[in-house]
Each structure stands twice: as C-alpha cells, then as structure tokens.
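Numbering (this note's numbering), first residue to last: 771 to 864. These notes concern the structure reproduced below.
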C-alpha cells in the first residue's frame, strides 16, 4: 500500500523513531515517538497500535532499520522516510 494513501486516509499510525529530543524539536502532528533503540523493549505497546505503521525519522535510515526489525516480527509497517516528507503528506489532508 502507498504511504501517502495510508496517511491521507488515516489507515494506520505514524511512529517517529528519532530520539525524544529530536522529536520534541518538531514532529508530525498526531505521531507517536518510539526511539529506534527502544523498539525491541516496547514490542507489546507497538503491537497494540493501529496498523499499518508509518515509520519516520530524520532521513529514512533509522526508520528503514525499524521497518526491517518490525517486519521480521510480523508487524505491517512502511518506511515513510524523513518526518518532513510524512508531515507533507499529513498536510495534504483536507
């Protein structure tokens, strides 16, 4: 499924995998912050989120790592890349 469509139709959850400090410096409205290094310890919480998950970070690198890990654990997720790109898609919702 296309990331832009998931965001536009509010079909899932946006998860920002940057650090808490980075997240507090700016993030997508309605997104949740789960830093990449905390994902293995917060699997139960992640499994309870509305799927599919749209993962984002600063450049798409950390969200790509998160996607790889979560997909291996059976969680439907997509790498949204930079949080700024995801924010752009979010802003297109009328």
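Cβ coordinates follow ideal geometry from the N, Cα and C atoms, glycine included.
Item                                                                                                : Value
Cβ-Cβ distance between residue 824 and residue 844 below 7 angstroms                                : no
Beta-carbon separation (whole angstroms), residue 853 vs residue 786, contact threshold 8 angstroms : 6 angstroms
Beta-carbon gap between residue 774 and residue 859 smaller than 7 angstroms                        : yes
Member of 840, 784, 778 whose CA lies at the smallest distance from the CA of residue 814           : 840
For residue 787, the three-state DSSP class (helix, strand or coil)                                 : coil
Rounded distance between the beta-carbons of residue 803 and residue 896, thought under 8 angstroms : This structure cannot speak to residue 896, because the chain is shown only from 771 to 864.
Per DSSP, cross-strand counterpart(s) of residue 852                                                : 827
Contact set for residue 846: own chain, Cβ-Cβ below 6 angstroms, skip 5 residues either direction   : 821, 822
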